[in-house]
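A.B. asks:
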Amino acid sequence: MKDRLLLSIDGMHCSSCAALITRKLKKTPGVEEANVNFASARARIEFDSDKVQVEGLLSAVKAAGYKATVADEKDRDAEKKRAEKEMKMYKKKFLFALVLSLPMLYSMFDPRASVLSFFLATPIQFWLGAGFYRSAWSTLKMKSFNMDSLIVIGTSTAYFYSVYQFLSGAEELYFEVAALLITFVLFGKWLESKAKGKTGEAIQKLMGMQAKTARVLREGVAVDIPVEEVLVGDIVLVRPGEKIPVDGVIVKGSSSVDESMLTGESIPVEKNPESKVFGATMNGHGSFEFRAEKVGADTMLAQIVHFVEDAQGSKAPIQAFADAVSAWFVPAVIGVALLTLIVWLLLGAELSRALLAFVSVIVIACPCALGLATPTSIIVGTGKGAENGILIRGGEALEAAKAVDTIVFDKTGTLTKGRPELTDLIPLQGSRDQALKWAASLEQNSEHPLADAIVRYAKQENVELAAVESFKAIPGHGVEGTVDGQKLYFGNRKLLEKIGQLDSLKEQVLMPLEEQGKTVMILANEQKVLALVAVSDVAKESSSEALTLLKRMGMKIFMITGDNKRTAKALAQTLGIENVLAEVLPQDKANEVKKLQALGHKVAMVGDGINDSPALAQADLGISMGSGTDIAMETGGIVLVKNDLRDIVTALKLSHATVRKIKQNMFFALIYNVIGIPIAAGLFSDFGLVLRPELAGLAMALSSVSVVTNSLLLKRFRPDKFNRL
Ligand code: ADP
Ligand code: MG
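In terms of the working numbering, the sequence shown is residues 28 to 752.
1. Alpha carbon to alpha carbon, what distance is there between residue 366 and residue 148?
2. Check whether the Cβ of residue 518 lies closer than 7 angstroms to any heavy atom of the ligand ADP, and answer yes or no.
3. Taking C-alpha atoms, which residue in 85, 92, 91 and 90 lies nearest to residue 98?
4. Please name the residue in 184, 616, 211 and 128 whose C-alpha comes closest to that of residue 586.
5. Considering only heavy atoms of the ligand ADP, does any lie closer than 7 angstroms to the CB of residue 23?
6. By the three-class DSSP mapping on this structure, what secondary structure does residue 552 have?
7. The ligand ADP and residue 438: does the residue's C-beta get closer than 7 angstroms to at least one heavy atom of that ligand?
8. Tell me which residues share the same chain as residue 186 and place their Cβ nearer than 6 angstroms to its Cβ, disregarding the 5 neighbours each side in the sequence.
9. Taking Cβ positions, are residue 88 and residue 58 nearer each other than 8 angstroms?
10. So if DSSP puts residue 513 in a beta bridge, which residue, or which two residues, is it bridged to?
11. Beta-carbon separation of residue 262 and residue 318 under 8 angstroms?
12. Pick out the complete alpha helix (DSSP H) segments inside the region 230-303, 4 residues or longer, and give them in chain order.
13. Assuming residue 435 is part of the beta strand (DSSP E), what are its boundary residues?
14. Taking the continuous beta strand (DSSP E) assigned at residue 33, which residues delimit it?
15. Tell me which residues share the same chain as residue 96 and place their Cβ nearer than 6 angstroms to its Cβ, disregarding the 5 neighbours each side in the sequence.
16. Using the DSSP secondary-structure output, state which residues sit across from residue 71 in a beta bridge.
17. Express the C-alpha separation of residue 564 and residue 593 in angstroms, rounding to a whole number.
18. Checking the sheet assignment: what are the DSSP bridge partners for residue 317?
19. Taking the straight line between their C-alpha atoms, what separation do you get for residue 679 and residue 430?
20. Within its chain, find whatever has a CB closer than 7 angstroms to the CB of residue 299; leave out the 5 residues flanking it on each side and keep chain order.
21. Beta carbon of residue 417, beta carbon of residue 573: below 8 angstroms?
22. For the putative contact between residue 384 and residue 708, defined by C-beta atoms under 8 angstroms, what is the C-beta separation to the nearest angstrom?
23. Is the beta carbon of residue 403 sitting closer than 8 angstroms to the one on residue 734?
24. Cβ-heavy atom distance between residue 477 and the ligand ADP below 7 angstroms?
25. Would residue 464 pass as a contact of residue 492 if the rule is Cβ separation under 8 angstroms?
26. Identify every residue that forms a DSSP beta bridge with residue 649.
27. Report the start-end ranges of each alpha helix (DSSP H) in the region 75-159 that is 4 residues or longer and not cut off at the edges.
28. Rank 182, 481 and 174 by C-alpha distance to the C-alpha of residue 155 and give the top, closest one.
29. Give the DSSP-derived three-state secondary structure of residue 655 in the structure shown.
30. Sorted by chain position, which residues of the same chain lie with C-beta nearer than 7 angstroms to residue 677's C-beta, five sequence neighbours on each side aside?
31. Please state the DSSP three-state secondary structure of residue 749.
32. Is it the case that the region 710-719 contacts the region 608-615, given that we only count it when at least three CB pairs across the two stretches are under 8 angstroms?
33. When the Cβ atoms of the region 202-217 are set against those of the region 240-249, are three or more pairs found closer than 8 angstroms?
34. For residue 523, which residues of its own chain have a beta-carbon under 8 angstroms away from its beta-carbon, when the five flanking residues on both sides are left out?
35. Using the rule of at least 16 other Cβ atoms within 10 Å of the residue's Cβ for burial, across every protein chain shown, is residue 312 buried or exposed?
36. Under a Cβ-count criterion, where at least 16 other Cβ atoms within 10 Å of its own Cβ denotes burial, should residue 692 be classed as buried or exposed?
Encoded structure:
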C-alpha cells in the first residue's frame, strides 16, 4: 500500500547532508520518493508500506549518520524547539571557541606562546569541532564527501602540521589558523541557524492560531473541552471576542468574524445562520452557536498548514542546478586544493606556505551557501503567500508563475460570484408553478451552481418537489429525467438538439435575455418546449479591478465557459475582456488551453476546480479558487483561499519576487567561490593579495549568512503595493 511519511531530521549541517540522506532513503527497498529539505530539516517520503515500515525508514536515516523522528502532527512546536536548540548549540560553541582562540592571537607575535596555543587549539579542534568530524565520518562511510569533510580536511591539515612542527621544535605554528577557522565556521552556523529559524515563522504563526479549548453543548449543558475533543456534529458556543475552535455552520445567532489569519482579508465577514465559520478565526461582538462540521486534520487551518508544509518541503526545478553543482563541487574542490599544493611545492615554495594555500582553497570553495539559496527563498515566499491567503504548491508553481503571459478565466464562480439568481421564469405551456416544480425537481440532484439557483428559488416559493426517475446530468448540456411520468429535459440549446430546434419565436424571447448576460435554460418534454428560465450571475466586485491590474502587467486575458456566446460576451464586455471562448464543453476546456500553449503562450488557468480540473492540470499554472471547502483536494499550483481575483496579481508578483531571490542567492553563493578560489590558491600573491585560511572561513560563513538574510528580505513583500488600483 502506498503511504507517506514526514520525518524531522536532526544533525544536518549542510545541504549535502540532505543529498546524502535522500540518496540513502532512495536506495532503501520500498521507498518510491524521498525528498530531504535541509532548510526545514524534514524528509518527505513516499513508500510502499508492504515493503518497508516506518522503523526501516528511521534506521535508513540513522545508517546515514543522522537522527530522525516521525514529525509529530500534534506537537506543532517541535520544529521550533529543534531549531532553537540548534541555534543555542551553535551560539554556545561559537562563544567557547572565541574565548579559547582569542589568546592565541598573541602567539602570532610571540612564538614562545606556542605551548599555550597547542593547549587552546586542541579542545577547539576535537571538542567544539567534533560535529564536523562526526558528519564527515558518516559521509565517508557512504563513500562520499560533504562540506563538513572540507572543513575537517582544512582544519586538520593546519592542526596536525602544527603539531608536527611543534614536536620537532620548529617555530612556524599554525594552531590559530585551525582554531579561528572553526570559530568562524561556528559563527556562520550560528547566524545561519538563527536566520533559518526565522524563515519558517509564517507556518509557526499559522499553527499557533489554533484555539486551545471549545465550549460545546453536551447533554444540554455547556462545557469547556480541549479542542481535540470536539466531535463532528457538536454544537459549539462562541462568545464575543472568542476564537472559533473548529469549522462549522452557524445554527443560531450572528456576528462578524475576523478571518484575516486564514484569508489575509482584514475586513471582518458578516455571519448569519447557515454561514460557514472556520477554526482559528476571531469572533467579533456578536455571539452564536454553530454545528461542528470539520475537526482535527480536516479543518481549513490544518489543511492550510499541511499544504504550506508540503510546499516548503518541495524542490524547485532550478534547484537541480544547485544540487548538481554541490555534488560535483566538493570532490572538485579537493582536487583543486591538491593541485594548488602540488604546484606550490613544484615552484619551490615552503611546505607551510603551500599547505596554507591548500587549506584556504578547501575552505573558501565550500559551496554551503548554494544549498541554502533555493529552499530558504521558497520557505519565506510560500509563507508570505499563506499569510495573504495565497497557497503556492512549491517551487515548481513559483517558477511556472514567473513565466506566465496568458491567463484563462473560467466564467462561473471565478469571474462571477458563482451564486446565480433566478430572474425570469417564462411559461410557454402549462402553469408557471408547474414549470418551476419540474425544473427544480430535476435540478435537486445536480450539483451545478445553476441547479442551486433553481432549487433555492423553488424553495422560496414553497414549491413542493417531485421525485425524479432515471435522472442524468449531462455536463455542459443540462439535466434530464422522468417526473410525474413524463420525460423532461432542462438545459441549454445543445441539450434540446435531441428533440429538435427552438423555433424563431422562442429565440426572440430567449436572445434578449442572453444579451443581458443572463443564462437561459429551456424546460422541455419530448414534444414541446414548456418554459424558459433565466438566471443571472453577476461579476464579483473585485473582478474588473483584478483584470485591469493583470492587463497592466502585460497579461493576455481569456474567458472560457460552457455558457452560450451571447451571455458570455455580455459579461466579458462589462469586464473588458476581449477574448471569449464560449460554449466549450467541460472536457474541451483543457484542449483550448493546449491550443494556446501550442501558440507559444505560458498559460495560467483560473477556475473553481468543479468541472475545470483537467484544464487546471493542462495549464502551465493552475490557479484554483478556494471555495472554502477542501483545499487538499484542489488541483492547481496555486490556491486562493478567498475568492478574490486580485490575489492573482499578488500571487504572480510574489512568485516573481521569490524566483528573483533564488537567482540572486545563487549569485551570492557562487560569487564568493569564484572570487575566492583563485585568491586562496595564491594566484595573486605576487600582488600581495593572499587569503589566510581563517579569513576564507569567515568569507564562507558570511556567504551563507548573506544568502539566508537575502531570503528573509522577502518578508518585506507588501501585496497592497500591487493589488489595488
Ligand atoms: P461553466 O463553464 O460556466 O462552468 P458548464 O460547462 O458547467 O459551465 O455548463 C455549461 C452550460 O451547460 C450552462 O451554461 C448551462 O446552459 C448548461 N448546464 C450545465 N449543467 C446544467 C444544469 N445542471 N442545469 C441546467 N443547465 C445546465
Ligand atoms: Mg465552472
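We treat Cβ as the ideally placed atom computed from N, Cα and C, and that holds for glycine.
C.D. replies: Looking at the atomic coordinates:
1. 28 angstroms
2. yes
3. 85
4. 616
5. This structure cannot speak to residue 23, because the chain is shown only from 28 to 752.
6. strand
7. yes
8. 152 and 205
9. no
10. 510
11. yes
12. 287-290
13. 433-437
14. 29-37
15. 35
16. 33 and 62
17. 14 angstroms
18. 263 and 277
19. 9 angstroms
20. 277 and 281
21. no
22. 6 angstroms
23. yes
24. yes
25. yes
26. 632
27. 81-90, 105-128 and 141-150
28. 182
29. For residue 655, the predicted structure reports a pLDDT of 48, less than 50, and the residue's modelled location is therefore unreliable. A value from the coordinates is still provided. Looking at residue 655 - three-state DSSP - the assignment turns out to be coil, as it is neither helix nor strand.
30. 415, 417, 746, 749 and 750
31. coil
32. no
33. no
34. 516, 529, 549, 551 and 556
35. exposed
36. buried
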